[in-house]
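Encoded as structure tokens, the structure appears first; notes follow it.
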Amino acid sequence: MRPSVPSAIRVRRLAPSLLSADFAALGDSVRTAEAGGADAFHLDVMDGHFVPNISFGPALVAAVRARTRLPLDIHLMIENPLQYVEAFHAAGGDTLVFHLEARDDPAEVVRTVHRLGGRVGAALRPETPLSAVESLADRVDQVLVMSVHPGFSGQSFLPEVLPKVHAARALVDRLGTGADISIDGGIGPETAREAARAGATFFVCGSSVFGGGEVGANLRRIRASVEEGAGGAVR
Ligand code: DX5
Ligand code: ZN
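Under our numbering, think of the first position of the sequence shown as 1372, with each following residue one higher.
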């Protein structure tokens, strides 16, 4: 077993979600967020089946890829991830995050993404217990804990998922894989602190970055909150 990374030196990253950006000016949003301190971008793919909303596909990911060298985190809110992981990897997605509640066999999705040379994340809806990822936890690069019901940006953070974040952190630390614990939904200057305290390392933020105010200032506020929460993390 590898020794786990001490909390104080663990890297914590902010990933603005482009779902909240102006789709007609996406290049500008990417540039502004990158200049403002984003560490990665989160792109929400929705198929109208797994979630009621429809967003975008690989062509948009490729367009974003052409505008930034930051890692692209592709959140696949789709019923059949196996059918699409190759296209999203080819489009420039670095981490392909699929839902454990989707139709395909999770172990096969993990194998397929790794065979392609990508990083893989496993996502859990708010009501899905951590046990759903346990059998795969030694093989994933990210565990994404949803803190809203998937489908839309701008919803309120569900604090009841915090114990799951804490348990996911403990599981990943026990395995020593160094996987990220990602938190997605309603993350802003207040909630980021709580998520960091519970052990999250990857913070997806949509409306708190692009929903008003200056993007760089918004990112700075969220980062300060993350570092404050991480400072108080108890493990
Ligand atoms: C929701 C998406 C989120 C969303 C986050 O289904 O997975 O990534 O864009 O947006 P905010 O931060 O506004 O909740
Ligand atoms: Zn997302």
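Virtual Cβ for every residue (Gly too), placed ideally from N, Cα, C.
Measuring only from the beta carbon, is residue i closer than 7 Å to any heavy atom that is part of the ligand ZN?
i	result
His-1520	no
Asp-1555	yes
Val-1514	no
Asp-1544	no
I'd like to know whether the C-beta atoms of residue i and residue j end up nearer to each other than 8 Å.
i	j	result
Val-1481	Ala-1508	no
Ser-1518	Gly-1577	no
Using the Cβ count rule (16 or more neighbours within 10 Å means buried), how would you classify residue i?
i	result
Phe-1574	buried
Ala-1563	buried
Arg-1606	Confidence at Arg-1606 is low in this model, with a pLDDT of 47, below 50, so its placement is unreliable and the value that follows should be read with caution. So Arg-1606 ends up on the exposed side.
Gly-1603	exposed
Arg-1545	exposed
Pro-1429	buried
Val-1597	buried
Met-1372	Legend: pLDDT at Met-1372 = 47, less than 50; position of this residue unreliable, value from coordinates given subsequently. Exposed, because fewer than 16 other Cβ atoms sit within 10 Å of the Cβ of Met-1372.
Ala-1461	exposed
Arg-1474	exposed
Pro-1534	exposed
Val-1382	exposed
Phe-1581	buried
Using a Cβ-based criterion (distance less than 7 Å to any ligand heavy atom), does residue i qualify as near the ligand DX5?
i	result
Ser-1579	yes
His-1420	no
Ile-1425	no
Asp-1415	yes
Counting along the chain, where does the beta strand (DSSP E) carrying residue i start and finish?
i	result
Val-1519	Counting along the chain, Val-1519 falls outside any beta strand (DSSP E), and DSSP gives it neither H nor E.
Arg-1490	1490–1495
Val-1416	1412–1417
His-1460	First-last for His-1460: 1452–1461, but that is the alpha helix (DSSP H), not the beta strand (DSSP E).
Val-1468	1466–1470
Leu-1390	Element bounds for Leu-1390: n/a, residue is neither H nor E.
Ile-1445	1443–1448
Asp-1551	1551–1555
Name the two residues that bound the continuous alpha helix (DSSP H) containing residue i.
i	result
Ala-1478	1477–1487
Ser-1579	1578–1581
Asp-1544	1533–1546
Leu-1397	1397–1406
**Message:** Does the region 1560–1568 come into contact with the region 1538–1548, if we say contact requires no fewer than three beta-carbon pairs (one atom in each stretch) closer than 8 Å?
**Reply:** Output reads no: the region 1538–1548 does not touch the region 1560–1568.
**Asked** On the three-pair Cβ rule with 8 Å, is the region 1412–1419 touching the region 1379–1392?
**Response** Under the Cβ criterion (8 Å, minimum of three pairs), the region 1412–1419 counts as touching the region 1379–1392.
**Asked** If we count Cβ pairs, one from each stretch, closer than 8 Å, do we get three or more for the region 1416–1432 versus the region 1518–1532?
**Response** Contact holds: three or more Cβ-Cβ distances are below 8 Å.
**Message:** Across the region 1482–1492 and the region 1457–1466, are there enough close Cβ pairs to call them in contact, namely three or more that are closer than 8 Å?
**Reply:** Segments in contact, yes.
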